[in-house]
Amino acid sequence: MATSEIIITFNGQNCTPLESFIPAGETIQLTLENNSNEKLSWYFLIFPIQNESELSSSEHVYYSVSAAAQSTVNTSFIAPQLTARYDTICIPNDDLQEKKMKYILVVQPYEKTPSTK
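Residue numbers (the working numbering): 3 to 119.
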């Protein structure tokens, strides 16, 4: 089931969870917990990347956030309207060669329940 909150945790080896489901077009609250001794960046990709320069391209990256070592960052973004399975990656120290994990973010259709009066 889709949720409007994601918590991603990095322990120095892996980012968890491996997959999340979010509602299309909704504001998503993202918490990035970095429990390692290195900086961590999280990227929500539109298209796969081939090199580090593409990490700064809005053609490839939908959203990104970084957390310093031993810190937690809370932020938010608007989920895409296009329902699909998107890749996200965790990269320590901004070094693509050190990529720790490919994570799947699934954007699902979302229908609000009508309020009853």
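No residue lacks a Cβ here, since even glycine has one placed at the ideal position from N, Cα and C.
Of all the options the options, which has the alpha carbon lying nearest to the alpha carbon of residue i?
i           : options        : result
residue 126 : 94, 98, 49     : Here the chain comprises residues numbered 3 to 119, so residue 126 is not present and cannot be evaluated.
residue 10  : 73, 98, 54, 86 : 73
residue 16  : 30, 35, 61     : 35
residue 46  : 56, 54, 64     : 64
residue 26  : 60, 80, 56, 18 : 80
residue 98  : 87, 41, 28     : 41
residue 57  : 76, 14, 75, 96 : 96
residue 14  : 69, 3, 4, 88   : 69
For residue i, write down the residues that DSSP places opposite it in a beta bridge.
i          : result
residue 60 : Answer by DSSP bridge pairing: none, since residue 60 is not bridged.
residue 47 : 63
residue 77 : 32
residue 69 : 42
How about residue i and residue j: do their beta carbons lie closer than 8 angstroms?
i           : j           : result
residue 20  : residue 67  : no
residue 111 : residue 90  : no
residue 37  : residue 12  : yes
residue 1   : residue 78  : For residue 1 there is no data in the structure shown, the boundaries of the chain being 3 and 119.
residue 24  : residue 109 : yes
residue 8   : residue 43  : no
Tell me whether residue i sits in a helix, a strand or coil according to DSSP, three-state version.
i          : result
residue 98 : helix
residue 21 : strand
residue 40 : coil
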